[in-house]
Amino acid sequence: MAIFAFLSKKQALRETDNIKSAKKMLADFLTSKQSFVAYRLPGESTAYSFPVGKTEPFNVSEFTPSGFEKAFIIAPFRMSENAFALWPVSGKSLVEIDTSDEIISGNQSFRLPQERDEVRQSYTKSFSVIKDALDHQVADKVVLARRLEVTDVPDHILPRVFCQLCRAYPNAFVYFFDHPKVGRWMGASPESFLEKENHTLKTVALAATRKSDQHSEDWNMKELEEQGLVSTFVDEVLKEYGISKYQKNGPEPVRAGSMIHLKTSYEFGAVNFANSVGRFMQSLHPTPAVGGYPKDIAIQLIEEAEKFDRGFYSGFLGPVNQGEFRFFVNIRSMELGDDKAVLYLGGGITRDSKESNEWEETRLKARTLLSVLHSVKQNYCNESIHLR
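In terms of my numbering, the sequence shown is residues 63 to 450.
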């Protein structure tokens, strides 16, 4: 929606004379070490970017749309830590950027690389911690995440990676940001967290994962339970806030790149959240789609089983403007720096989970970003050979 551009298309064109090349603008930001935000909303052909000026930490419970006008919000997985609001440099506006000038043919021969034995062994150990707790009825679902490090990811390819993500995943929220206080991240999220449009709030319960070439009907009990727990949790939070009238549709299969998930959509009035939307977000996050159920117990188990800090992975992020906002769960994401990318990969564990299946699910999710990194790097290699 144009409102989230912070400027109308005519205004953007008038102030910038022409649409900027995403590749050039992002490359200039990186070269000059200028902090920035770039993003493309789901289903839109236009991406936007701005140089970051003012940055403020805040507690999510204190969030109100009117207090964060024209900001980009980045919230971590742990609600005990601060979120951040990033605003454009004073006097600068959001700029429309063109990602279509960077079209790279996908590599159909891409294969996921083999991972070291110790990586698999570490995952198996973490899985056992979670599964043992589930078998003892401590919780019903826990999302276990792991990290995958990719080397040889230099800064100069990152603008192309962003452009290619926009092209490869038209229905994802694609973003790229860099700031000393929040780090450098990029991703292509298929999952909405919370959106406000006019007087309506929207959220989803998204879970369960299959390859896109698998049949999208006849979901098994494990998949239905995994997604159902997310819906149950959303129902409970709405009840906690006295919301008895809401529209609920699903679950239905939705495609996200090479995967299919089950999604239930929710819509409800925003009138009762004028001064409490921040508290509502704090109650809703993390949903069992990225945390688990029950919420607090699942978070404790995650801290016990995962030997790393998730940081902004499985938090949420997105733009705010004119009293409206669109926030997305930070999944299918990677942390960038020192010529490498660290991919964060998670999957929901229930009592019916099998370690081998869950491991393969994380590898399937890795394909979202790895396939694009591979195609961009191969394109650079081909260009170098041609120049010789």
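No residue lacks a Cβ here, since even glycine has one placed at the ideal position from N, Cα and C.
Residue nearest to residue i in terms of C-alpha spacing, selected from the options
i	options	result
L256	L92, Y237, L346	L346
R208	I219, F224, A234, V181	V181
K402	E211, E143, A201	E211
Y231	E131, P252, D197, V352	P252
D297	T349, N337, L148, S433	T349
R140	M343, P221, G153	M343
G105	Q183, L263, L435, R229	R229
A147	L174, G380, F172, G354	G380
L103	T262, F390, V244, L435	F390
S128	E386, S437, H436, E420	E386
E417	V205, C225, L398, K116	V205
A336	Y303, A318, A367, E287	Y303
M270	E118, L431, E423	Going by the sequence as given, residue 270 is Ala instead of Met. Answer by Cα proximity: E423.
H436	W149, D90, R173	R173
T108	L431, F125, I81, E420	I81
S142	T161, F120, S162	F120
D371	V404, E124, Q384, G354	V404
R341	F125, L431, F189, E279	F125
K116	W149, K132, S94, A367	W149
A201	S184, Q289, G354	G354
T213	Q276, P175, N260	P175
S162	K86, S395, E177, Q289	K86
A318	D275, N260, D400	D275
N260	Q384, Q289, Q183, S184	Q384
V266	G399, R388, L431, D400	R388
Contact under 8 Å by Cβ, residue i with residue j
i	j	result
V157	F134	no
A84	I192	no
K203	L426	no
F235	Y101	yes
A137	V122	yes
V30	I393	Not covered by the structure: residue 30. The range shown for the chain is 63 to 450.
L88	F238	yes
K439	I219	yes
L227	A250	yes
D217	L92	yes
G331	T262	yes
R429	S338	no
M248	V215	no
K243	S254	no
I322	P315	yes
L363	A195	yes
G245	E118	no
E420	F189	yes
D90	M283	no
S433	H241	no
V382	F130	yes
T412	E287	yes
Start and end residues, beta strand (DSSP E) containing residue i
i	result
R102	98-102
F342	Taken as a continuous stretch (DSSP letters only), F342 belongs to no beta strand (DSSP E), being part of the alpha helix (DSSP H) at 339-346.
R451	Not covered by the structure: residue 451. The range shown for the chain is 63 to 450.
E259	254-259
T213	203-213
V352	V352 -> no beta strand (DSSP E), and no H or E assigned at all.
T117	109-120
R388	386-391
A230	Where A230 is concerned, there is no enclosing beta strand (DSSP E), although the alpha helix (DSSP H) it sits in stretches over 220-230.
F370	Segment: none, F370 is in no beta strand (DSSP E) and carries neither H nor E.
D90	Where D90 is concerned, there is no enclosing beta strand (DSSP E), although the alpha helix (DSSP H) it sits in stretches over 84-94.
S395	395-399
G129	First-last for G129: undefined, no H or E at that position.
A137	134-137
Y375	Per DSSP, Y375 belongs to no beta strand (DSSP E) and is neither H nor E.
M248	245-251
F125	Here F125 belongs to no beta strand (DSSP E), and DSSP marks it neither H nor E.
K402	402-411
P150	145-150
D498	What is shown of the chain runs 63 to 450, which leaves residue 498 out entirely.
E158	157-160
Every unbroken alpha helix (DSSP H) within the region 172-201, with a cutoff of 4 residues, ordered by chain: 179-197
Contact between the region 104-123 and the region 354-372 (3+ Cβ pairs under 8 Å): no
Every unbroken alpha helix (DSSP H) inside the region 281-334 [4 residues or more]: 283-302
Cβ pair count under 8 Å reaching 3, the region 400-415 against the region 368-376: yes
Cβ contact check for the region 325-338 and the region 297-312: 3 or more pairs under 8 Å: yes
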